[in-house]
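Visitor: Residue 1114 in the UniProt record's numbering sits at position 1114 of the sequence shown, with consecutive numbering throughout. Have a look at this one.
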Amino acid sequence: MASVSRRRRDYEGIDEAPWRSWLRDGQRAVLDTGCTVARYLYRGGRRLYRYAQNNAQPWRTLYEDEATTSGLTDGPPLEQNRIIFVNRPQPIKFVNNRITTAKYSVPSFIPLFLFEQFRRYSNCFFLLIGLLQQIPDVSPTGRWTTVTPLVFILCVSALKEIVEDFKRHRADDETNRRKVEVLRDGRWSTILWQEMLVGDICKVVNNQFFPGDIVVLASSEPQGISFIETSNLDGETNLKIRQAHPDTVHLDNTPALVDFTATIQCEQPNRHLYEFNGLLKDSNNKTIPLGLDQMLLRGSMLRNTNYIYGVVVYTGHETKLMKNSTKAPLKRSSIDRQTNTHILMLFLILLTLSLISAAFNELWMRAHSDWYIGLEDAQNAHFVFNFLTFLILYNNLIPISLQVTAEIVRFFQAKFIAMDSEMYHAATDTPAMARTSNLNEELGMVKYIFSDKTGTLTCNIMEFRKCSIGEIIYTLKGPDEKLEDTLLYQNLQRNHPTAPVIREFLTMLAICHTVIPEQVGDTLNYHAASPDERALVLGAAQWGYVFDQRTPRSVRMRAPHAVEEYTVLNVLDFTSARKRMSVVVRTPTGQIKLYCKGADTVIYSRLAGGEHAQYADTTLSHLELFACDGLRTLVFAVADISEQFYQDWANTYHKASIAIQDRERKLEEAAMLIENNLRLLGATAIEDKLQDGVPETIAALLKANINVWVLTGDKQETAINIGHSARLLHAAMPLVILNEDSLDGTRECINRHTAEFGDNLLKQNEVALITDGKTLKYAMGCDLKKDFLDLCISCKVVICCRVSPIQKAEVVELVSSSTGAVTLAIGDGANDVAMIQRASVGVGISGVEGLQAVCASDYSIAQFRFLLRLLLVHGAWNYSRISKLILYSFYKNICLYVIELWFAIYSAWSGQIIFERWTIGFYNVIFTALPPFAIGLFDKLCSPEIMLRHPVLYVPSQQGLLFNVRVFWVWAVNSILHSVLLFWLPMLMVSHDIVWPNGKDGGYLLMGNIIYTYVVLTVCLKAGLTTHSWTWVTHVAIWGSVVLWFLFVMIYSNVFPTVMIGAVMQGMDRMLFTSLVFWLGLILIPIATLIPDMLVTVIHNSMFKSMTEAVRESEIKQRDPSALLTHPRHSLTETARLLQNVRSVFSRRSATRATMELELSREYLHGSDSWTANAETSDEPPRDLASARVHISIPSVSYSVATPRTADALNTHRDTVYLPQTSWRTRQDGFAFSQEEGGSVSQAEMIRAYDTRQPRPQQS
């Protein structure tokens, strides 16, 4: 009965636990306090609880019998599970299948938008000022001069957010409006993904994504097998096998599915990608267990399978894919946060100035209390009244237009990114896209890049490149080359001494695998769970050894002169522990052979004669060459098996396969009995094809002082190989490998490595750290997190393998929060969404993996190589532009509005404004609005070509040298000095009433307009001194702003009384323009104000020139700036700063003289990014290992190591370079092999299910 009670609650949708807890707490409160209110609350709660129970009774009665008769009383407690009724309406409403990655919805837009806007201190401040201005007679500038621009600013920002979020909604709609077929009312209906419901039976066809988490019932393949690609989820390139339960495989036609009714009990939605438990009860009360083998996850794709039928169990945000995602965060740039801090400081200064001004006003009033002055009845005689007056008077020290100006500039910067033809991918017709503009400047400050591998760095395509057979390296024929012209073919035809080995090798390529062939017309298609095996079979086919047929017991191969059929006796599956895969076959001649392929480390130990076997040494050298090229290697060997030995072994293997205990261990021991005395045939090299430009892009990013980390769900060997081919790793770089199975083991390993780094800990060393997801789980624990991060930061490269989406996000969060650096995450799959959202900047690759990464990203590009231009050009430009825009905006406001302070001193702290109120309001909106836009949109540090050619120019923006506390207050002090000159020089000039020759005085407002004119001209000219690129837009912005002010004066001085505004300005234009003193000051005073700035600029550019300025100057003079980057001129201060950045990977000198030649060239590398500008590490492997020379570059010294054999010499003398002894790994074997392990169907069982002679079933 207890179990039935639990089920009742699940059907009702009522969770009693919170109610009971609440009632217990209420009862305890009544007993403890005796409070009357608590007593009434407790009684009311009990009545509400009983009402809920009684009204839920109909649902309870309706499904109680069915739950009992269908056998659902078995299994885990129902309160932990969900019940799904197949082909029937659901009693409980589940979430729909619509997903959204947008920030806002219609009801949430206003509260979220206002929350985002008023996180900015400036908006809060201006809201306060706007409210204070509504108090009668407090504001000297009117009631609406702050509220009006604030509302305008919020409206513009809201419009921008709506436009950007609309793009996200549109991308979401593209996903939600995909089509899927579901079985409803006895027939198949095509509906949108978002309309699919839990309990629906759906049909998914080949090369389609699964629209939800689905339990497979049947498929087009034998025994309900289906192949899925999960690279979008976990980054693995190999296909995985899923299989319907044997009791449901008959549901492969529409009539059977229409009549099918069942109930599925499964676990509640969770984020565990590799776990699923449930059971299915059919109408005959038969219990069918369900597990991960039957689960098809949203985000994965059906491959090599015509169709599947399945039941939807999780939809929308309850799918495992979305559970591994996080809600789109509201990101803010570093400059935005710094600006908030500066605004807060200015607000405190403003409060201080207001208090001081109000205090001085109080003192002046007391000192001038004579009756004839008539101040005793003044309304502003109160201290608080005066404080609010001065607060409103000085409030424009904080530029109200700053946020809206920055928002508009960022919006158009985002448009420039989208319009950049150099980031347009013509093949897919995909331009770059900025999905948010708030982070444009963050692109110029990136310190860490976290990249996915599959689909981001690679194309997810395996290609056979080379092979080594009989000590000779062969390459595939070129596109224009005939087979007869290849060296391999000629050696076969000419009976070269290695011809028998070549034939055996090609035969093994064609038959030692688990590939399924399919003849489609005249085309032979290969379906493989392992992309490596497919590439090998295709490679053999190009040389004329074509695998074309598989039956449950045999494989057939078309050789150049015969068709041969081999009987498959046994298949020994590949596992990561075995690192090999074998097949036992009977040849057409009746001989039994074992073909074994795998890593050189395991194959060589099983060779007859060991490492002294024929071809072993040369093949090993070839493997090193292949690995240095970043190719995935496999070693191939064969063994001849006698009939008697095979029969004895087969009996042993059969007993192991049916063992109840330790079956896996016994199978491995049995395999080892036959996988011995092998004869080496050769080795293969497969390329995991990189996207175009990936190696060059990563090399440039490293030169830009950006750390590149790879976070992938793929295998460790695969990730290491990609690291080499992408130039992230090089042959001389040691690997610190963390593969631990326990918390204690992880702790000991991390502590050992951190101790080995010694004084070089937290300094970037020429070392790569490789770890897997299991170790990472322990390393990310609270007590190890800091030590693990210290170890990672001490390494130049970090590669995390076998990590889940959440682990990716956790790594990004750890680096972001602990270092404070700007992080960028880039990926193309749904498994990258979490880390894209957690990083400071998220970039999505709009590839073939769906749109989920793009939808969650801040920026999207079509290829990884475009990231270089996005960062080094647009990022550096936008950082410089936004920095100057913000600094200039504060400068021009402080310059004008501090004059109100000087006038307050001049006017006895009266609180009177010197400028007309609307000229104050229009200062930011009209008269100085254009220069910030010119700077923010069109200023350039250097040309794009120079920025890309010399990545070190990225460093100033990365280190935040253009916008920080020091730079901000230098600009602030500069603006205060300018305001002093712009107020007191005109005051001195007209101090004796010499505005006109007749001696007349125009009053304080004329003086205010004279000063205002000088201020407008000065701040516009200051914009000219600030900008690096004078374009026609710059000229229009600067000179046009000055012209606008003069036009405004002429118009505004003549509108009254036609328009009832501006009475005090009537005739002002005539008074102003007829004064010779005004015109004289217009020439002299702005120049006098800016002369110190020009002198500082000249001195700085002559004696303290930065690298960027030197390169820009060289570019202007049309010189090659390369020499400047090699030997730039620096001040002593900058040189000292550069020396602080020097990091050495040498922790100690060798105690004895090394036997190999160590040449110390002491080539000092100059420049702010010297550690990257002259890197000498060769990206290409030496072809002649006998005379190979390894170049190891460090910041201050360049070492050249000559060695007879690169790997062995480095291994022998590893103590010369600082390297953890326990982690040293130099020789790369390049082994990598992708295939699902521990799947629902073993590879041996899978191939037994296929007979390619039979036609494949078609969809019903």
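We put the beta carbon where it would ideally sit given N, CA and C, even for glycine.
How far does the beta strand (DSSP E) with M557 in it reach, from first residue to last?
Guide: By 1-based counting over the sequence shown, the position of residue 557 is 557. Segment S554 to A559, the beta strand (DSSP E) holding M557.
Visitor: Roughly how many angstroms lie between the CA atoms of Q133 and R917, to the nearest whole one?
Guide: Residue mapping note: residue 133 aligns to position 133 of the sequence shown, counting from 1. Residue mapping note: residue 917 aligns to position 917 of the sequence shown, counting from 1. Straight-line Cα distance between these residues: approximately 13 Å.
Visitor: To which residues of the same chain is V1077 closer than 7 Å at the C-beta, ignoring the five residues directly before and after it?
Guide: As a first step, residue 1077 must be located in the sequence shown, where it is residue number 1077. Here the set comprises M989, V990, I994 and V995.
Visitor: How many angstroms separate the CA atom of T1222 from the CA atom of E669?
Guide: Your numbering for residue 1222 matches position 1222 in the sequence shown. Your numbering for residue 669 matches position 669 in the sequence shown. Any reading at T1222 must be qualified, since the residue scores a pLDDT of 34, below 50, and its modelled position is unreliable; the value itself is stated next. Each residue's alpha carbon lies about 29 Å from the other.
Visitor: Specify, as a first and last residue, the run of the alpha helix (DSSP H) that residue 1282 falls within.
Guide: Because the chain here runs from 1 to 1260, residue 1282 falls outside it and cannot be looked at.
Visitor: I need the straight-line Cα distance from G1081 to L350, nearest angstrom please.
Guide: Counting from one through the sequence shown, the residue named residue 1081 turns up at place 1081. Counting from one through the sequence shown, the residue named residue 350 turns up at place 350. Distance between the alpha carbons of G1081 and L350: 30 Å.
Visitor: Please return the same chain residues whose Cβ sits closer than 8 Å to the Cβ of K323, not counting the five positions on each side in sequence.
Guide: As a first step, residue 323 is located in the sequence shown; it is residue number 323 there, counting from the start. Around K323: P269, N270, R271 and H317.
Visitor: Should T775 and N739 be called a contact, given that it needs their Cβ atoms to be closer than 8 Å?
Guide: Counting from one through the sequence shown, the residue named residue 775 turns up at place 775. Counting from one through the sequence shown, the residue named residue 739 turns up at place 739. Yes; because the gap between Cβ atoms is below 8 Å, this pair is in contact.
Visitor: What's the call for R177, buried or exposed, on a 16-neighbour Cβ count within 10 Å?
Guide: Position 177 of the sequence shown, counted from the start, is the residue given in the question as residue 177. Burial call: exposed.
Visitor: Give every residue of the same chain whose Cβ lies closer than 6 Å to the Cβ of V546, excluding the five residues on either side of it in the sequence, and list them in chain order.
Guide: The residue labelled residue 546 in the question sits at position 546 within the sequence shown. These residues qualify, in order along the chain: R558.
Visitor: Measure from the alpha carbon of G278 to the alpha carbon of each residue in N306, V313, H250 and C459, then state which is nearest.
Guide: Against the sequence shown, residue 278 aligns to sequence position 278. Looking at the Cα atoms, V313 is the closest of the given residues.
Visitor: Just list the alpha helix (DSSP H) runs in the segment 210-254, keeping only unbroken ones of 4 residues or longer that don't cross its boundaries, in chain order.
Guide: Counting whole runs of 4 or more residues, the segment 210-254 contains the alpha helix (DSSP H) stretches 231-234.
Visitor: What separation, rounded to the nearest whole angstrom, lies between the Cα atoms of C1020 and M1068?
Guide: Within the sequence shown, numbered from 1, the residue matching residue 1020 stands at position 1020. Within the sequence shown, numbered from 1, the residue matching residue 1068 stands at position 1068. Roughly 23 Å between the two C-alpha positions.
Visitor: Starting from A608, trace the alpha helix (DSSP H) both ways and give me its first and last residue.
Guide: As a working note, residue 608 is residue 608 in the sequence shown. Element bounds for A608: n/a, residue is neither H nor E.
Visitor: As a quick exercise: from C628, F626 and L569, pick the residue whose alpha carbon is nearest that of A650.
Guide: Here residue 650 refers to the residue found at position 650 of the sequence shown. Checked all of C628, F626 and L569; the closest Cα to A650 is L569.
Visitor: Just to check my reading of the structure: P695 and N238 have Cβ atoms closer than 8 Å, yes? What is that Cβ distance to the nearest angstrom?
Guide: Along the sequence shown, read from residue 1 onward, the residue named residue 695 stands at position 695. Along the sequence shown, read from residue 1 onward, the residue named residue 238 stands at position 238. That pair is no contact at about 24 Å.
Visitor: Could you spell out the range, first to last residue, of the alpha helix (DSSP H) harbouring P931?
Guide: In the sequence shown, counting from the first residue as 1, residue 931 sits at position 931. Where P931 is concerned, the enclosing alpha helix (DSSP H) stretches over L930 to F938.
Visitor: List the whole-angstrom C-beta distance separating T754 from Y778, where the pair is believed to meet the contact cut-off of C-beta under 8 Å.
Guide: Stepping through the sequence shown from its first residue, residue 754 is reached at position 754. Stepping through the sequence shown from its first residue, residue 778 is reached at position 778. Incorrect: roughly 15 Å between the Cβ atoms, too far for contact.
Visitor: Can you say whether I129 is buried or exposed, counting buried as having 16 or more other CB atoms within 10 angstroms of its CB?
Guide: Within the sequence shown, numbered from 1, the residue matching residue 129 stands at position 129. So I129 ends up on the buried side.
Visitor: What would DSSP say about I408, mapped onto helix, strand or coil?
Guide: As a working note, residue 408 is residue 408 in the sequence shown. Reduced to three states, the DSSP call for I408 is helix.
Visitor: For N206 and A535, I'd like the C-alpha separation in whole angstroms.
Guide: What you label residue 206 is simply residue 206 of the sequence shown in a count that begins at 1. What you label residue 535 is simply residue 535 of the sequence shown in a count that begins at 1. Their backbone Cα atoms lie some 21 Å apart in a straight line.
Visitor: Could you tell me how far apart the beta carbons of M445 and Y879 are, in whole angstroms, since I believe they sit closer than 8 Å?
Guide: Against the sequence shown, residue 445 aligns to sequence position 445. Against the sequence shown, residue 879 aligns to sequence position 879. 6 Å between Cβ atoms; contact.
Visitor: Just how far apart, CA to CA, sit S1075 and E164?
Guide: Your numbering for residue 1075 matches position 1075 in the sequence shown. Your numbering for residue 164 matches position 164 in the sequence shown. So the two alpha carbons sit approximately 51 Å from each other.
Visitor: With a cut-off of 8 Å on the beta carbons, I'd call G470 and T319 a contact; round off their distance for me.
Guide: Within the sequence shown, residue 470 is the residue found at index 470, counting from 1. Within the sequence shown, residue 319 is the residue found at index 319, counting from 1. About 52 Å; that fails the 8 Å criterion.
Visitor: May I ask you to verify whether the segment 467-485 touches the segment 862-870, counting CB pairs closer than 8 Å and requiring at least 3?
Guide: Verdict: no, contact absent.
Visitor: Can you tell which of I1083, Y1004 and C628 has its C-alpha closest to the C-alpha of residue 1347?
Guide: Residue 1347 lies beyond the residue range present for the chain, which begins at 1 and ends at 1260; the question has no answer from this structure.
Visitor: Quick check on L631 - is its C-beta less than 8 Å from some C-beta in chain D?
Guide: Among the chains of the structure shown, chain D does not appear; only one protein chain is present.
Visitor: In the DSSP output, what is Y489 paired with across the bridge?
Guide: By one-based count along the sequence shown, residue 489 stands at place 489. Paired residue(s): none; Y489 is not in a bridge.
Visitor: Out of curiosity, what's the CA-to-CA distance linking A499 and C596?
Guide: Sequence index remark: in the sequence shown, residue 499 carries index 499 (1-based). Sequence index remark: in the sequence shown, residue 596 carries index 596 (1-based). In a straight line, the C-alpha of A499 is about 20 Å away from that of C596.
Visitor: Please state whether DSSP places A732 in a helix, a strand or coil.
Guide: To locate residue 732, count along the sequence shown from 1; it is residue 732. If DSSP states are grouped into helix, strand and coil, A732 belongs with coil.
Visitor: Here's a check: name, in chain order, each residue in its chain whose Cβ is nearer than 8 Å to the Cβ of G1062, leaving out the five neighbours to either side.
Guide: Here residue 1062 refers to the residue found at position 1062 of the sequence shown. Closer than 8 Å at the Cβ level, and outside the excluded window around G1062, lie E916, W918, Y1052, S1053, V1055 and F1056.
Visitor: Note the first and the last residue of the continuous alpha helix (DSSP H) segment covering L985.
Guide: Position 985 of the sequence shown, counting from 1, holds the residue named residue 985. Counting along the chain, the alpha helix (DSSP H) containing L985 begins and ends at V965 to M989.
Visitor: In the DSSP assignment, find the unbroken beta strand (DSSP E) run with A683 in it and report its ends.
Guide: Taking the first residue of the sequence shown as 1, we reach residue 683 at position 683. Segment R679 to L690, the beta strand (DSSP E) holding A683.
Visitor: Taking three-plus beta-carbon pairs below 8 Å as touching, is the segment 690-708 in contact with the segment 455-465?
Guide: Touching, yes, given that three or more Cβ pairs across the two stretches are closer than 8 Å.
Visitor: F757 and M423 - do their beta-carbons sit closer together than 8 Å?
Guide: Position 423 of the sequence shown, counted from the first residue, corresponds to residue 423. Position 757 of the sequence shown, counted from the first residue, corresponds to residue 757. No; because the gap between Cβ atoms is not below 8 Å, this pair is not in contact.
Visitor: Note down, in chain order, each residue of its chain lying with its Cβ closer than 6 Å to the Cβ of V602, except the 5 sequence neighbours on either side.
Guide: Position 602 of the sequence shown, counted from the first residue, corresponds to residue 602. Only K579 and R580 meet the Cβ criterion.
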